[in-house]
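Have a look at the structure below before the remarks.
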Ligand code: BG6
Ligand code: MG
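Numbering (our numbering), first residue to last: 5 to 215.
Structural data, given as structure tokens:
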């Protein structure tokens, strides 16, 4: 029986994808590295340093560890400048309605995100005190598709992983949920899930899954 829903943040509750893209693109352009939307799609759910390795696949020279840390920090500065502009109106359609309905029905809600910027994003969109638990890039050492971020969220809630439903827009996130022994709901075409929805604008989606 589903007792808790663990939400990915980027691309599920708030659309930060465009901000990630613009920040990586700016950094890549400055370095003369080819970068496009298709490469950006591969970064969904992947940690900052692992994302950088993917971006650097198209670099014409190799970078030292020190340089990589500086590149990731530069991208993150650009990204933070963009997400500072987020407001509650950037919460994706249907997310708030579904979150409220889950809470009203006694289902626990948590965030499970690879992003170290999760606290800032939640503050900007006014949801910093909303969730029963927040597990993010700051408390994990293995990024999705490793299940760590979701297992930590389940642990914080005191809920058995088998009683959790993970909501994800990334293939890596669906895999993480499955490897954690959880049920999975895909939005925006992530593959391999138990359930599928285009996005959260369908208000009855959780009612149909959690019976
Ligand atoms: C995930 C995003 O939520 O967080 C990835 O889908 C991103 O694209 C990852 O790379 C890490 O984010 P941050 O904010 O810690 O750089
Ligand atoms: Mg995501």
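Don't be surprised by glycine CBs; every beta carbon is placed ideally from N, CA and C.
query: Taking buried to mean at least 16 other C-beta atoms within 10 Å of its own C-beta, is residue 93 buried or exposed?
result: exposed
query: Measuring from the CB of residue 24, is there a heavy atom of the ligand BG6 at a distance below 8 Å?
result: yes
task: Could you name the residues of the same chain whose beta carbon sits closer than 6 Å to that of residue 27, not counting the 5 residues immediately before and after it, in chain order?
output: 79, 82, 83
field: Within 7 Å of the ligand BG6: residues by beta-carbon to any heavy atom
entry: 12, 13, 14, 15, 24, 47, 48, 49, 50, 51, 52, 55, 80, 83, 117, 118, 119, 120, 121, 141, 174
query: Any heavy atom of the ligand MG closer than 8 Å to the Cβ of residue 172?
result: yes
field: Closest residue to residue 87 among 40, 124, 99, 213 (Cα-Cα distance)
entry: 124
- request: Please check the pair residue 115 and residue 103, which I expect to be a contact at CB under 8 Å, by giving their CB distance rounded to whole angstroms.
  value: Not a contact, Cβ separation roughly 11 Å.
- prompt: Could you give the residue range of the alpha helix (DSSP H) that holds residue 56?
  reply: 52-59
message: Per the DSSP calculation, residue 199 is bridged to which residue(s)?
response: 189
- request: Express the C-alpha separation of residue 168 and residue 69 in angstroms, rounding to a whole number.
  value: 38 Å
- prompt: So residue 160 and residue 170 are in contact, right, with Cβ under 8 Å, and what is the actual spacing, rounded?
  reply: With a Cβ gap of about 14 Å, residue 160 and residue 170 do not count as contacting.
field: Selection from 50, 175, 158 that minimises the alpha carbon distance to residue 6
entry: 158
query: Would you call the CB atoms of residue 148 and residue 179 closer than 9 Å?
result: yes
message: Let me check one thing: in DSSP terms, what residues is residue 172 bridge-paired to?
response: 190
task: Using the Cα positions of residue 97 and residue 205, report the straight-line distance between them to the nearest angstrom.
output: 5 Å
Cβ-based neighbour list, residue 153, same chain, cut-off 6 Å, excluding 5 preceding and 5 following: 116, 139, 144
query: By Cβ distance below 6 Å, which residues in the same chain neighbour residue 30 in space, the five residues on each side in sequence not counted?
result: 82
Distance CB(residue 62)-CB(residue 32) smaller than 9 Å: yes
message: I'd like the span of the alpha helix (DSSP H) that includes residue 115, first residue to last.
response: No alpha helix (DSSP H) holds residue 115; the beta strand (DSSP E) holding it covers 112-116.
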